[in-house]
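Peer 1:
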Amino acid sequence: MRERDQLIASISNVPLSILDEEIPIEKYALLNLGVDNSALADIDITNPQICQAYIDQFLEKNKAQVAYGGYLEQRNLYKNNNHFSAVPTTPRNIHLGIDFWATAGTVVTTPLDGKIHSFRNNNTSGNYGPTLILEHKIKDKLLYSLYGHLSLESIEQLYTGKLFRKGEPLARLGTSDINVNYAPHLHFQLIWDLQGYKGDYPGVCALEDLNFYRENCPNPNILLNM
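Put into structure tokens, the structure is as follows:
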């Protein structure tokens, strides 16, 4: 494990909640939305209603309340969306965070102490919708965590520097019309260097850029221990 990843891993050796703490970890089920999932071959997951129906069936089958996964997953979810294919020869389709698919309005909790770095409503089609970024101090290093696809109310009372403690309610999941045409879910991503971004950071990359982003955006599960 890389040195910086070891630093994240040292934070906790037990699972950390990212959604409503009333939902037990046993009710989380690992979901594959990658191109290697043959069950998605004839399903248009770019349609939020169809995607939601697939997730609902998955949750029922697994007796779960939250479907999660997707780190470095290559997906068709972003196909035909100009936000991810501005350069046709190098589409962005590799997911850099973990998604948590749950009911709109579900509470998002703070996984570790932090303060608001920035926030904004990234409301172009295919983007995050309402988004916030927390700044964390881990020993002598800064680590950032991004939360996308939130409700509008989640960013209305925020200000730069506002403190949040581990386990404290942070936000709520937005509906499809607010989170810019996705089934309700949380995009959770860890970032070492924000590269000057505020309230936003790429959550999907092209294959040719994967080596950089894999280093800069470590696997959130190193922290969460799901």
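Every letter in the sequence shown is one number past the one before it in numbering that gives the first Met the number 0, and letter 48, counting from 1, is 47. No residue lacks a Cβ here, since even glycine has one placed at the ideal position from N, Cα and C.
DSSP state of Glu134, grouped into three classes?
Peer 2: Here residue 134 corresponds to residue number 135 of the sequence shown, with the count starting at 1. Looking at Glu134 - three-state DSSP - the assignment turns out to be strand.
Peer 1: Report the residue from Tyr53, His94, Ile115, Leu30 whose alpha carbon sits nearest the alpha carbon of Tyr70.
Peer 2: For the purposes of this step, residue 70 is taken as the residue at position 71 of the sequence shown. That would be His94, whose Cα lies nearest to the Cα of Tyr70.
Peer 1: Would you kindly work out how many angstroms separate the C-alpha atoms of Asp55 and Lys165, rounded to a whole number?
Peer 2: Here residue 55 corresponds to residue number 56 of the sequence shown, with the count starting at 1. Here residue 165 corresponds to residue number 166 of the sequence shown, with the count starting at 1. Spanning the two alpha carbons is a distance of roughly 29 angstroms.
Peer 1: Based on DSSP bridge pairs, tell me the residues matched to Pro129.
Peer 2: Along the sequence shown, one-based indexing puts residue 129 at 130. Its beta-bridge partners are Asn120.
Peer 1: Can you find the residues in the same chain that come closer than 7 angstroms, C-beta to C-beta, to Ile42, ignoring five residues on each side of it along the sequence?
Peer 2: As a position in the sequence shown, residue 42 is number 43, starting the count at 1. Excluding sequence neighbours, Ile42 sits near Ile49, Tyr53.
Peer 1: If we require 3 or more residues per run, which beta strand (DSSP E) segments fall completely within the region 159-205?
Peer 2: 168-171, 184-190
Peer 1: Where does Lys26 sit, in a helix, a strand or coil, going by DSSP?
Peer 2: Translated into the one-based positions of the sequence shown, residue 26 becomes position 27. Looking at Lys26 - three-state DSSP - the assignment turns out to be helix.
Peer 1: Considering only the beta carbon of each residue, do Thr105 and Arg3 sit closer than 8 angstroms?
Peer 2: As a position in the sequence shown, residue 105 is number 106, starting the count at 1. As a position in the sequence shown, residue 3 is number 4, starting the count at 1. In this structure, Arg3 does not lie closer than 8 angstroms to Thr105 by Cβ.
Peer 1: Thinking just about the alpha-carbon of each residue, which of Asp112, Pro110, Asn61, Ile154 is nearest to the one in Tyr127?
Peer 2: Here residue 127 corresponds to residue number 128 of the sequence shown, with the count starting at 1. Looking at the Cα atoms, Ile154 is the closest of the given residues.
Peer 1: Are Leu6 and Ile177 close, meaning C-beta to C-beta below 8 angstroms?
Peer 2: Residue mapping note: residue 6 aligns to position 7 of the sequence shown, counting from 1. Residue mapping note: residue 177 aligns to position 178 of the sequence shown, counting from 1. Going by C-beta atoms, Leu6 is not nearer than 8 angstroms to Ile177.
Peer 1: In whole angstroms, what separates the C-alpha of Leu39 from that of Gly160?
Peer 2: Translated into the one-based positions of the sequence shown, residue 39 becomes position 40. Translated into the one-based positions of the sequence shown, residue 160 becomes position 161. Leu39 and Gly160: Cα-Cα distance of roughly 42 angstroms.
Peer 1: With a Cβ-Cβ cutoff of 8 angstroms, do Glu21 and Thr109 count as a contact?
Peer 2: In the sequence shown, the residue the question calls residue 21 occupies position 22. In the sequence shown, the residue the question calls residue 109 occupies position 110. The Cβ-Cβ distance between Glu21 and Thr109 does not fall below 8 angstroms.
Peer 1: Note the first and the last residue of the continuous beta strand (DSSP E) segment covering Lys140.
Peer 2: As a working mapping, residue 140 is identified with position 141 in the sequence shown. From DSSP, the beta strand (DSSP E) with Lys140 extends over 140-147.
Peer 1: Which two residues bound the contiguous alpha helix (DSSP H) that contains Asp35?
Peer 2: As a first step, residue 35 must be located in the sequence shown, where it is residue number 36. Note, Asp35: premise wrong, no alpha helix (DSSP H); not H, not E.
Peer 1: Between which residues of its own chain and Phe83 is the CB-CB distance below 7 angstroms, once the five residues before and five after are set aside?
Peer 2: Counting from one through the sequence shown, the residue named residue 83 turns up at place 84. At Phe83 the pLDDT is 48, less than 50, meaning the model places this residue with poor confidence; the figure from the coordinates comes in the next sentence. Around Phe83: Tyr77, Pro90, Arg91, Asn92, Gly125, Val203.
Peer 1: Judging by CA-CA distance, which residue of Thr130, Arg119, Leu145 is the nearest neighbour of Leu111?
Peer 2: Counted from its first residue, the sequence shown places residue 111 at position 112. Closest option to Leu111, Cα to Cα, is Leu145.
Peer 1: Starting from the C-beta of Asn12, find all residues in its chain whose C-beta is less than 8 angstroms away, skip the five residues before and the five after it, and write them out in chain order.
Peer 2: Numbered from 1 along the sequence shown, position 13 holds the residue referred to as residue 12. Same-chain partners within the cutoff: Asn224.
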